[in-house]
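This report refers to the structure that appears directly beneath it.
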Amino acid sequence: MKCLVFLLLVAVANARTFTRCEWARVLKSYGMDGYEGHSLANWVCLSQWESNYNTRAINHNSDGSTDYGIFQINSRWWCSNGTPTSNGCNMKCSELLSDNVSAAIRCAKRVVRDPNGIGAWVAWRRHCEDRDLSSYVSGCGV
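Going by the numbering used here, the sequence shown opens with residue 6, and the numbers climb by one from there.
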């Protein structure tokens with residue numbers, strides 16, 4: 006447990022909060038525009054409502070699981086935090102808290118390939134689904 010706390014502290018020290026347009030450009034560079042049929046604006050919207058573009062965001066859920074990072078990826082299904090988990094992304098949850106977002110994006114790509122797709126994210130269903138999302142990438146040059 007002490008090791009996990011240490012790793013989380015190290016990850017938080019290496020975290021950052023992106024601006025909307027910075028994040029849109031990063032997502033585009035990782036091939037997220039159109040990934041599994043979802044526009045770049047969907048990914049930017051999802052990230053804004055899940056973490057406000059904050060790589061160090063952590064949320065403790067009532068079921069005992071925890072959501073990690075800019076995509077708020079859940080420990081019960083997608084990453085290992087030392088509790089029983091499915092670990093679908095085959096990674097430690099602490100990896101999702103770094104300003105090196107490659108692990109978070111790799112895991113988000115895995116989540117969206119699941120049968121629930123992008124609908125696995127509650128924030129996307131509540132704030133992004135079936136809406137005009139053009140403002141999320143407007144002025145970003147992407």
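Ideal Cβ placement from N, Cα and C applies to all residues, glycine included.
These numbers were taken from a predicted model, which means no experiment stands behind them.
Beta-carbon gap between Glu55 and Val117 smaller than 7 Å = no
request  = Could you tell me which residues DSSP pairs with Ser85 in its beta bridges?
outcome  = Beta-bridge annotation (DSSP): Ser85 is paired with Lys97.
task = Just confirm the distance between the C-beta atoms of Asn3 and Cys133, as a whole number of angstroms; I'd bet it's less than 8 Å.
result = In the structure as shown, the chain starts at 6 and stops at 147, and residue 3 therefore has no counterpart that could be examined.
key: Buried versus exposed call for Val142 [16 or more other C-beta atoms within 10 Å across all chains shown]   = The C-beta of Val142 has 16 or more other C-beta atoms within 10 Å across all chains shown, which makes the residue buried.
ask   = If you pair each beta-carbon of the stretch 98-115 with each one of the stretch 60-75, do three or more pairs fall below 8 Å?
value = yes
request  = Take the Cβ of Val127 as the centre, count every other Cβ of all protein chains shown within 10 Å, and call the residue buried at 16 or more, exposed below.
outcome  = exposed
message = One question on the structure: do Leu45 and Leu32 come within less than 7 Å of each other, judged by their Cβ atoms?
response = The answer is yes: Cβ separation under 7 Å.
task = Can you grab the Cα-Cα spacing for the pair Arg148 / Gly124, in whole Å?
result = Limits of the chain in this structure are 6 at one end and 147 at the other, which puts residue 148 out of reach.
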